[in-house]
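2 protein chains.
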Amino acid sequence: MAERDHAHQHATDAWLPHATLALRSAGTRSGGARSAILAELAAQTCCASAQEIHTRLRDTGSTIGIASVYRTLELLHGMGLVTRVDTGDGVARFEPTHPGGEHHHHLVCTRCGAVEAFHDDALEEAIHRVAERVEFEVTGHDIALRGICSACR
Amino acid sequence: MAERDHAHQHATDAWLPHATLALRSAGTRSGGARSAILAELAAQTCCASAQEIHTRLRDTGSTIGIASVYRTLELLHGMGLVTRVDTGDGVARFEPTHPGGEHHHHLVCTRCGAVEAFHDDALEEAIHRVAERVEFEVTGHDIALRGICSACR
DNA sequence: GGACTTACTGATAACGATTCCCATTATGTG
DNA sequence: CACATAATGGGAATCGTTATCAGTAAGTCC
């Protein structure tokens, strides 16, 4: 509580109220665990696994169960409020899906597993063109570049 | 044995001898299980999970153990001979990596899980541009478009 | 061609991430 | 404030994948 006077406000700060409202509209109740998980998700800059989120919450004294984290992520994912990211290590990671459609993609280090974000308009445009010509009704996309991060080189 | 006189030969048919040679060069021995798995991989048109490969082999009367499938896939993946594909269901799928660099990407149906392949030169070009400007030394990339397949609509 | 080193193999146990189940708690409505 | 029921935490169960181990076989060196 009380970090609202940060200097730099991202457009992404709109996610928490957006998600909260969407959940309320869907007729769900707001328990303590879910609220804490939502806040934790809103605070992260890139993707995080269920266990990472759970650990972070536990470290702040919370007694939230791991099941609640998985349940909440599943709920949010089903509603399109979080995006699932697979980095290839068998662990699912999640990050907030911003209402405006702005999003990023990931660079994954094949040596240390580090994940970094990037964005590229030309790439988005190319994806958009592909989506228009294929048989599928495309609703989203994931892109991961694999390689060696600067720290590992 | 004896399906070598198929009518349409793809460029991709070069994979089996390529992989076999690479393995031999690496000093590995060629056991029956691994050969069968290589042949099965060479025959598939898109990605397949370890369990799918195992089931297909068992169905043809083979007694190959699931461990050999995982072991072989791990070996091939480490040598860059197969590409790992994550479709978001927590199951790793693999497909041959063709020596010429030609490859495709995937359309994943979020309703039924079906996976289809597509290729797009403009997209590859966009990826290439991104790879040049980021900090990572990019060695590969994965792209998945999610949506509803024509059968599910 | 036969002995030998050691990679390969299949079965099974172990493991880790995720899901399921259930008794308890707590939300929000009337 | 009582009530119906969603939400919760703990732990068991599940599932994909990996590690272990003893038996088998590939390739090598005479």
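Protein sequence lines correspond, in order, to chains A and B. Mapping of the first sequence onto our numbering: position 146 corresponds to residue 146, and the numbering continues sequentially without gaps. If you count the second sequence from 1, you need to add 153 to reach our numbering. Just so you know, even glycine gets a beta-carbon here, dropped at the ideal spot from N, CA and C. Computed from a predicted model, the values in this text were never measured in an experiment.
Neighbourhood of Ser221 of chain B by C-beta distance below 6 Å, restricted to the same chain and skipping five residues each side: Ala186
Just mark Leu21 of chain A as buried or exposed, buried being the case when its beta carbon has 16 or more other beta carbons within 10 Å. exposed
Looking at the C-beta of Val283 of chain B, does it have a partner C-beta in chain A at a distance below 9 Å? yes
Can you tell which of B:Gly218, B:Pro249, B:Thr240, B:Thr236 has its C-alpha closest to the C-alpha of Pro170 of chain B? B:Pro249
So, are the CB atoms of Ile296 of chain B and Arg264 of chain B less than 9 Å apart? no
By the criterion of Cβ-Cβ separation under 8 Å, what are the contact partners of Leu76 of chain A in chain B? Residues of chain B passing the Cβ test: none, with the nearest at roughly 15 Å.
Taking the C-alpha atoms as reference points, what is the distance between Trp15 of chain A and Ile64 of chain A? The alpha-carbon separation between Trp15 of chain A and Ile64 of chain A amounts to approximately 22 Å.
Output, in chain order, the set of chain A residues within a Cβ distance shorter than 8 Å of Phe289 of chain B. Leu107, Cys109, Glu116, Leu145, Gly147, Ile148, Cys149, Ser150
Among A:Val138, A:Gly140, A:Glu137, A:Leu107, which has the Cα closest to the Cα of Ile280 of chain B? A:Leu107
What did DSSP end up calling Ala160 of chain B once you bin it into helix, strand or coil? Confidence in Ala160 of chain B is poor, its pLDDT being 41 and thus under 50, which makes the residue's placement unreliable; the coordinate value appears in the next sentence. If DSSP states are grouped into helix, strand and coil, Ala160 of chain B belongs with coil.
For a test of the three-state rule: what should DSSP assign to Ile296 of chain B, helix, strand or coil? strand
Would Met202 of chain B and Val235 of chain B be called neighbours here (beta carbons separated by less than 9 Å)? Correcting the residue identity first, residue 202 of chain B is Ser in this sequence and not Met. The answer is no: Cβ separation not under 9 Å.
Check whether chain A comes within 9 Å of Leu276 of chain B, counting only Cβ atoms and requiring the distance to be less than that. It does: the Cβ of Leu276 of chain B has a partner Cβ on chain A nearer than 9 Å.
Tell me whether the segment 186-196 of chain B and the segment 126-140 of chain A touch, counting them as touching only if at least three CB pairs, one residue from each stretch, are closer than 8 Å. no
Which residues, taken in chain order from the segment 43-65 of chain A, show a beta carbon closer than 9 Å to some beta carbon of chain B? none
Using a Cβ-Cβ cut-off of 9 Å, state whether Thr225 of chain B counts as contacting chain A. No, because no Cβ of chain A sits closer than 9 Å to the Cβ of Thr225 of chain B.
Expressed to the nearest angstrom, what Euclidean distance is found between the alpha-carbon atoms of Gly293 of chain B and Leu145 of chain A? 6 Å
Contact set between His141 of chain A and chain B, taken where Cβ atoms lie within less than 8 Å: Per Cβ cutoff of 8 Å: Ile296, Ala297, Leu298, Arg299.
Is Ile217 of chain B helix, strand or coil by DSSP? coil
Quick check: the Cα distance between Ser183 of chain B and Glu277 of chain B, rounded to an integer number of angstroms? Approximately 35 Å between the Cα atoms of the pair.
Separation of Ala179 of chain B from Leu229 of chain B, as counted between CA atoms: Roughly 11 Å between the two C-alpha positions.
Secondary structure, alpha helix (DSSP H): runs of 4+ residues fully inside the segment 173-241 of chain B: Within the segment 173-241 of chain B, the complete alpha helix (DSSP H) runs of at least 4 residues are 185-196, 203-212, 219-231.
Which two residues bound the contiguous alpha helix (DSSP H) that contains Gly281 of chain B? Here the sequence assigns His to residue 281 of chain B, which means Gly is not the residue at that position. Note, His281 of chain B: alpha helix (DSSP H), 274-286.
Given a limit of 9 Å on CB to CB distance, which residues of the segment 87-101 of chain A reach chain B? Thr87, Gly88, Gly90, Ala92
Kindly list the residues whose CB is nearer than 6 Å to the CB of Thr55 of chain A, restricted to its own chain and excluding five residues on each side of it in sequence; keep chain order. none
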